[in-house]
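>
In the working numbering, the protein residues as written are 2 to 731.
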């Protein structure tokens, strides 16, 4: 039977094994199995895995039988067999009830898999799966110095995968016949890379760790190049779409905006503004990501670009992730434009435009009027939430799409708004979450990038401190005293909690509607996260008694949220107890202190975003991170790192280090497998950059990938495969 990379595993391994691999590991074809790489490699007496395993882990260990004892059970019929195994650094007990396992003898080596339990302080496996490395079938494997340990499942053990891979490696005359190398020979030669067949052989059946290193180096190249080709193809496709130039016009709305600004633009804002103005002046649609520190003034840069498009006869749409933020944008832009934002009204300037807010909570009559103004073009600046994407929202001439807080939206939402233009509009996406270079080259690789690092002059700056509630309970009392001092001086404060409260099964409410993850994993002994409704009551009757306090969270109606934010912005509320609904965009310059409860429940970038809500005026700000995590724990150290620096780009790298990289690429979502298996965003920055250069050069030729069908097939597979979902973050 001829076997190829696309051959179903059912034809090679049989229905039972193949079915388990498909159901539990997502492996369907020969190629899937060959790309299922070992997690690590074990060798007799050299690894320290038994000393490292933790109770509750499901693991596979390579160990030697030290002793076997069988005795009658005390309280019921039958026998108990206890086998002690060791690996040179640790030991574990295997327990079998009424199974003697005669082949388990002292000095025998085997692989044992199961969930680690504990009995009387000693780690053990109860009835583990096992595979003894003896006999003719294993002599070749056992002669090897390294034994591959694969990511496995309940019904598909590491040794079953190992035997299945061995079967494939010997099929159809070997890997050279089975594998077509997609990488052009010139690229392989230029970078000293193994052929694909050799790399797959060495990663599955290495003799030395040097073999593994060379194989991994080659296989990482496959992932990086295919990824960068996919992104480069997107950039080229976007560049070929004819758009409409929106040149700058003097004496128009943009000049009026500049004249109305109550502050001078920073040098960075001017430079990025000129960059955007030049791109808007071209027929080729702009596709740009504007990243900037919290409070660096991205919205002003975006408003100036929108004004330029309106001056050129087009419309600009600003897509915001929440109604609170959309309403705030609309208020701020209307106030800045004054009569120029009310064209057609009694006191409006006919030389201006109309600013329209379109959200899901609008009453039917207001929604109809807003849609009509968008459709006839009288609304030059349209601000909204996902409601902008709905059917029935039609633009007269959409010239610019601005997406605020890009990480909340997917490519399909961005494209849905772009599709409302008669011709492809210019696109500007913004994020206040600084992006490490490797993430920018992968997750956001189809966008050109501008960066704002400079904060506007006159900002007071934020100092941050960790408040270890268990180790120093007196510091918590002092935190509330400091908050009262700020309010007593005429300023305002936020108290942020991870959960809303008052509902059974209430989940932590983070920016994306999902419970924040703790990098130390789930801990059943942890109390539930603190909740807004509970904390607000405790503060009203306790340390903040007498202050004007209100709450804000995601279960409130849009009208309630808007009224609450208006009252806070007007100074009527002194303390706002909220969830992370205040994380992005909320701008109250008089707020100078933020107390984050259960700060360990939030991610690094999220904490940086949250503290960006204070010190947005001339007064200095204070952010207090309250936690029960021990100061010496990894979580305590992470919080200390957040408190120690205000550099968002440094924190973004820390965030990448403390999260699973699959989460960055979206690989863990919905249980799907990611196309990225070996590539590391932390370790492979230069490889990714080099692959980006090679991808751009390959696509710049007249024939593109026409002379490289294998590579073209890999790109096509990634572009259509559900494993590419992580690209949709861009």
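Backbone N, C-alpha and C fix where the C-beta goes; we use that ideal spot for every residue, glycine too.
Terminal residues of the continuous alpha helix (DSSP H) containing residue 187?
First-last of the alpha helix (DSSP H) with residue 187: 186 to 192.
> Quick one: what's got a C-beta closer than 8 Å to residue 617's C-beta in the same chain, skipping five residues either side?
Counting only Cβ-Cβ distances below 8 Å, and skipping sequence neighbours, we find 296, 460, 588, 589, 590, 592.
> For residue 5, I'd like the list of residues in its chain whose CB is within less than 6 Å of its CB, leaving aside the five on either flank, ordered along the chain.
Taken in chain order, the list of residues that qualify is empty.
> Going by DSSP in three states, residue 17 sits in which element: helix, strand or coil?
Correct three-state label for residue 17: helix.
> Rounded to a whole number of angstroms, what is the C-alpha to C-alpha distance between residue 375 and residue 363?
Spanning the two alpha carbons is a distance of roughly 15 Å.
> Let me know if residue 633 comes out buried or exposed under the rule of 16 or more other beta-carbons within 10 Å of its beta-carbon.
So residue 633 counts as exposed.
> Just to confirm before moving on: does the CB-CB distance between residue 677 and residue 224 stay below 7 Å?
For residue 677 and residue 224, yes; Cβs fall inside 7 Å.
> Count the C-beta pairs between the stretch 283 to 294 and the stretch 257 to 267 that are closer than 8 Å, then say yes if the count reaches three, no if not.
Contact between the stretch 283 to 294 and the stretch 257 to 267 is absent, because fewer than three Cβ pairs lie under 8 Å.
> From residue 644 to residue 533, what distance separates their C-alpha atoms?
Distance between the alpha carbons of residue 644 and residue 533: 23 Å.
> Is the number of C-beta pairs between the stretch 73 to 92 and the stretch 2 to 22 that are closer than 8 Å three or more?
At 8 Å Cβ cutoff, the stretches do not touch.
> Decide if residue 413 is buried, meaning its Cβ has at least 16 other Cβ atoms within 10 Å, or exposed.
The residue in question, residue 413, is exposed, as its Cβ has fewer than 16 Cβ neighbours within 10 Å.
> Cα-Cα, which of 256, 329, 426, 302 is closest to residue 352?
Looking at the Cα atoms, 256 is the closest of the given residues.
> For residue 176 and residue 194, which I take to be in contact (beta-carbon distance under 8 Å), what is that distance rounded to the nearest angstrom?
About 16 Å separates the two Cβ atoms, so there is no contact after all.
> Measuring CA to CA, which of 325, 556, 428 is closest to residue 278?
The option with the nearest alpha carbon to residue 278 is 428.
> Run the CB neighbour count on residue 158, radius 10 Å, all protein chains shown included, and call it buried at 16 or more, exposed below.
Flag for residue 158 reads buried.
> Please find out if some non-hydrogen atom of the ligand ADP comes closer than 6 Å to the beta-carbon of residue 10.
For the structure depicted, the ligand ADP is absent and the ligand set is empty, with no information on it obtainable.
> Could you have a look at residue 319 and say whether DSSP puts it in helix, strand or coil?
Here residue 319 sits in strand by DSSP.
> Taking 8 Å as the cut-off, does the stretch 373 to 388 touch the stretch 342 to 360 (at least 3 CB pairs, one atom from each stretch)?
Yes: the two stretches touch, three or more of their Cβ pairs being nearer than 8 Å.
> With a floor of 3 residues, list each beta strand (DSSP E) that falls wholly inside the stretch 345 to 419, ordered by position along the chain.
355 to 359, 380 to 385, 399 to 404, all fully within the stretch 345 to 419.
> Any idea what DSSP makes of residue 603, helix, strand or coil?
The answer is coil: DSSP assigns residue 603 none of H, G, I, E or B.
> Does the stretch 488 to 500 come within contact of the stretch 329 to 343, defined as at least 3 CB pairs closer than 8 Å?
Output reads no: the stretch 329 to 343 does not touch the stretch 488 to 500.
> Out of 72, 74, 127, 17, state which residue places its alpha-carbon closest to the alpha-carbon of residue 60.
Selected option, being the one with the closest Cα: 127.
> Measure the beta-carbon distance from residue 276 to residue 451 and round it to whole angstroms, keeping in mind my assumption that it falls under 8 Å.
Residue 276 to residue 451, Cβ: 6 Å. Contact.
> Is the distance from the Cβ of residue 247 to the Cβ of residue 180 below 7 Å?
Going by C-beta atoms, residue 247 is not nearer than 7 Å to residue 180.
> For residue 125, which residues in the same chain have their Cβ closer than 8 Å to its Cβ, ignoring the five residues on either side in sequence?
Taken in chain order, the residues that qualify are 93, 94, 95, 96, 117, 118, 119.
> Taking all protein chains shown into account, do 16 or more other C-beta atoms lie within 10 angstroms of the C-beta of residue 426, making it buried, or fewer, making it exposed?
Counting Cβ neighbours within 10 Å, residue 426 comes out buried, since at least 16 surround it.
> Since residue 427 sits in a beta bridge, which residues does DSSP pair it with?
Its beta-bridge partners are 401.
> Per DSSP, what kind of secondary structure is residue 442 in: helix, strand or coil?
The answer is helix: DSSP assigns residue 442 an H, G or I state.
> Could you tell me the boundaries of the alpha helix (DSSP H) in which residue 259 lies?
Per DSSP, residue 259 belongs to the alpha helix (DSSP H) from 254 to 261.
> Between the Cα of residue 719 and the Cα atoms of 28, 227, 36, which residue gives the shortest distance?
Measuring from the Cα of residue 719, the nearest candidate turns out to be 227.
> Whole angstroms is fine: what's the gap from residue 40's alpha carbon to residue 679's?
When rounded, the distance between both Cα atoms is 10 Å.
> May I ask you to verify whether the stretch 624 to 633 touches the stretch 593 to 609, counting CB pairs closer than 8 Å and requiring at least 3?
As far as the Cβ criterion goes, the stretch 624 to 633 touches the stretch 593 to 609, which means the pair count is three or higher.
> Would the beta-carbon of residue 402 fall within 7 Å of that of residue 424?
Contact: no.
> Whole angstroms is fine: what's the gap from residue 454's alpha carbon to residue 28's?
The straight-line gap from Cα to Cα measures roughly 45 Å.
> Can the beta-carbon of residue 308 be found less than 7 Å from the beta-carbon of residue 273?
It is not a contact, given that the beta carbons lie outside the stated cut-off.
> Taking just the CA atoms, how far does residue 305 sit from residue 315?
If you take the alpha carbons of residue 315 and residue 305, they lie about 14 Å apart.
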